[in-house]
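In the UniProt record's numbering, the protein residues as written are 1 to 451.
Don't be surprised by glycine CBs; every beta carbon is placed ideally from N, CA and C.
What follows is a short report on a single structure.
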Amino acid sequence: MEDLAKLTDLGKPRVVIVGGGFAGLELAKQLRDVPVQVVLIDKQNYHNFQPLLYQVATAGLDASDIVSPFRKILGRQKNFYFRMAEVQSVDAEAHMLQTSIGLINYDYLVIATGSTTNYFGDEQMEANAIAIKSIEDAIELRNTVLANFEKALQMGDAEQMNSLLDFVIVGGGPTGVEVAGALSELRKHVFPCDYKELDFKQMDIHLIQSGPVLLKGMSAEASQKSLEYLEEYGVKVVLNSRVKSYDGYTVTLSTGETLITRTLIWAAGVTGAPIPGLRPEALLKGNRYKVDQYSRVEGYTNVFALGDIASMQTPEFPEGHPMVAQPALQQGRQLGHNIPRLLNGHPLEPFRYDDKGAMATVGRNRAVADLKLPGGKDYRTQGLLAWLMWTFIHVISLVSFRNRFAVLLNWTWSYFSYDKGDRSIIGKAKDPLRVKIKPPVEQMVTEPLKD
Numbered sequence: 001m002e003d004l005a006k007l008t009d010l011g012k013p014r015v016v017i018v019g020g021g022f023a024g025l026e027l028a029k030q031l032r033d034v035p036v037q038v039v040l041i042d043k044q045n046y047h048n049f050q051p052l053l054y055q056v057a058t059a060g061l062d063a064s065d066i067v068s069p070f071r072k073i074l075g076r077q078k079n080f081y082f083r084m085a086e087v088q089s090v091d092a093e094a095h096m097l098q099t100s101i102g103l104i105n106y107d108y109l110v111i112a113t114g115s116t117t118n119y120f121g122d123e124q125m126e127a128n129a130i131a132i133k134s135i136e137d138a139i140e141l142r143n144t145v146l147a148n149f150e151k152a153l154q155m156g157d158a159e160q161m162n163s164l165l166d167f168v169i170v171g172g173g174p175t176g177v178e179v180a181g182a183l184s185e186l187r188k189h190v191f192p193c194d195y196k197e198l199d200f201k202q203m204d205i206h207l208i209q210s211g212p213v214l215l216k217g218m219s220a221e222a223s224q225k226s227l228e229y230l231e232e233y234g235v236k237v238v239l240n241s242r243v244k245s246y247d248g249y250t251v252t253l254s255t256g257e258t259l260i261t262r263t264l265i266w267a268a269g270v271t272g273a274p275i276p277g278l279r280p281e282a283l284l285k286g287n288r289y290k291v292d293q294y295s296r297v298e299g300y301t302n303v304f305a306l307g308d309i310a311s312m313q314t315p316e317f318p319e320g321h322p323m324v325a326q327p328a329l330q331q332g333r334q335l336g337h338n339i340p341r342l343l344n345g346h347p348l349e350p351f352r353y354d355d356k357g358a359m360a361t362v363g364r365n366r367a368v369a370d371l372k373l374p375g376g377k378d379y380r381t382q383g384l385l386a387w388l389m390w391t392f393i394h395v396i397s398l399v400s401f402r403n404r405f406a407v408l409l410n411w412t413w414s415y416f417s418y419d420k421g422d423r424s425i426i427g428k429a430k431d432p433l434r435v436k437i438k439p440p441v442e443q444m445v446t447e448p449l450k451d
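This is how it looks when you write it as structure tokens:
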């Protein structure tokens, strides 16, 4: 079959990587000096630093601060080729991918497609809620928050106004906790200056968690401290409760309680993003490929899976490694070490996950950290020290010097000025229900502003 993507044939084994997240990008880097042709395929032309998406969504950073084009990152790598395309299916027998730009053949296929938002089959929720899984999601959320405040200025009806000012966040993991903390800081320091006519004492932030604790998977100390921090910030945390439905206006909880909001932020789970074409038995619960200790997809010798899409089951992680950045980076690094061994006929070395712990930030000088020190010792800390650690690790983990410099500069400015970044409304905002202004704008009587 003919390769239709106009890729130069280097006469070397072709390693096709689908997905330029942490795992795919790290693997491509590791293959820099290996005698192979590296072809990266992604729907976007940039790497997205997902741990800081919530900062874009809450105006803490610009989108350009956390993305970097693949061609800029790897453009000087002589064996690297990039194609912006969507992979539609894989034909493992023919060693061929069907993509939106045509057929691409491979000698070794690496699936690093990551994960997507999991709405658990709730189509109404999917239509009305906002997730934070992509740059587009983050910008849409930022636009929605700001556009809602602009609309609230025109409201004469108290319930309608509150529906625009109030927020419901579903999911008490790191993303949910960090979004809640960021919104509460905006409510205290930024929004009252931008929207002087609005009473932000009426702005409620609800965080709904289905389980009994926040930050499940972290220590009890971290869970409890994050709860305390959020409550200090005035976030209304609801534990042991699920969201049964959301129609774009009314949130119904499993307890029977109802909340009114135009903005529901969904941070309640993810599911793998597999490619059609591989054997169904290779796909496990959660849409993750079952892989062996060398990251090979079960039943294949030249198809690998890395990161969120891969489930490498071990005694320590019977359901696969956590769907976070560190396992993805380490798996990409290990496969980059194993592919040369595979080419030379040497035995592959198994993957061993080096668990470095977990962190989450709630706000200024408030964070929690459960770290794994060399030798396997646990180190736990909260507050200012954890916040400084979180800040340092996220800055140095960004993929380019420009990103690191921009983020550090923005955060330094925000810390000392109590201000945030870009608060422009550029692009679309989510408006599941048409807002009716009561009374009409032309009939509104505005009271003089009081000092």
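Which residues in the same chain have their Cβ closer than 8 Å to the Cβ of residue i, if we skip the five residues on either side of it in sequence?
i    : result
G363 : G181, A182, S184, E185, Y229 and Y233
A267 : A131, I132, I169, V170, G171, G173, T175, G176 and V179
E447 : The pLDDT assigned to E447 is 44, lower than 50, so where the model puts this residue is not dependable, and the model offers no usable value.
G427 : I139, E140 and N143
Q330 : F351, Y353 and D354
R242 : I208, S210, L253 and S254
R76  : none
Taking the C-alpha atoms as reference points, what is the distance between residue i and residue j?
i    : j    : result
G336 : A158 : 59 Å
V399 : I265 : 27 Å
T314 : Y289 : 14 Å
T301 : E26  : 21 Å
G217 : R262 : 31 Å
K420 : E221 : 30 Å
E316 : Q124 : 37 Å
V18  : D308 : 13 Å
C193 : L306 : 46 Å
T381 : D62  : 30 Å
P347 : R341 : 7 Å
Y415 : H189 : 11 Å
Is the beta carbon of residue i less than 8 Å from the beta carbon of residue j?
i    : j    : result
S68  : Y46  : yes
L198 : F149 : yes
F351 : Q326 : no
L278 : V90  : yes
G332 : G24  : yes
A429 : E140 : yes
G20  : L7   : no
V16  : I104 : yes
A360 : S219 : no
A282 : T113 : no
V237 : E231 : yes
F80  : A28  : yes
K372 : K356 : yes
R423 : A59  : yes
V407 : A386 : no
Between which two residues does the alpha helix (DSSP H) carrying residue i extend?
i    : result
L215 : Here L215 belongs to no alpha helix (DSSP H), and DSSP marks it neither H nor E.
L97  : No alpha helix (DSSP H) holds L97; the beta strand (DSSP E) holding it covers M96 to T99.
S163 : A158 to L165
M125 : E123 to N128
Which first and last residues belong to the beta strand (DSSP E) in which residue i is found?
i    : result
Y46  : Y46 to N48
Y108 : Y108 to I111
V145 : No beta strand (DSSP E) contains V145, which is instead part of the alpha helix (DSSP H) from I135 to A152.
Y246 : V243 to Y246
Y379 : D378 to Q382
N105 : G102 to N105
Y81  : F80 to M84
S115 : S115 to T117
L7   : Looking at the DSSP string, L7 is not in any beta strand (DSSP E), and its letter there is neither H nor E.
L259 : T258 to I260
V235 : Premise fails: V235 is in no beta strand (DSSP E) and is neither H nor E.
T252 : T250 to L253
I132 : It is not in any beta strand (DSSP E) - I132 carries neither H nor E in the DSSP assignment.
I265 : T263 to W266
What does a CB cutoff of less than 6 Å around residue i pick up in its chain, not counting 5 residues either side in sequence?
i           : result
I66         : F49 and L52
L31         : V38 and G336
A358        : M218 and D370
D9          : none
residue 452 : As shown, the chain starts at 1 and ends at 451. That puts residue 452 outside it, with no answer to give.
F200        : R187, F191 and P192
Only counting the same chain, and skipping five residues up and downstream in sequence, which positions put a Cβ closer than 7 Å to that of residue i?
i    : result
R402 : none
P35  : K12
A152 : M161, L164, L165 and L198
S223 : V213, L214 and L215
D247 : Q124 and N128
At a threshold of 7 Å, does residue i count as lining the ligand ATP (C-beta to nearest heavy atom)?
i    : result
M155 : In terms of ligand content, the structure shown is empty, and the ligand ATP therefore cannot be addressed.
**OP:** Return the chain-ordered ranges of every alpha helix (DSSP H) run that is complete within the stretch 268-346 and spans a minimum of 4 residues.
**Re:** 325-343
Subject >> Ordered list of alpha helix (DSSP H) runs contained in the stretch 168-227, each at least 4 residues >> reply: 174-189 and 191-194
Original post:
In chain order, which continuous runs of the alpha helix (DSSP H) of length 4 or greater are located wholly inside the stretch 344-418?
Top reply: Complete alpha helix (DSSP H) runs here, min 4: 384-397 and 401-417.
Subject >> Runs of beta strand (DSSP E) wholly within the stretch 10-92 (minimum 3 residues, chain order) >> reply: 14-18, 37-42, 46-48, 67-69, 80-84 and 87-91
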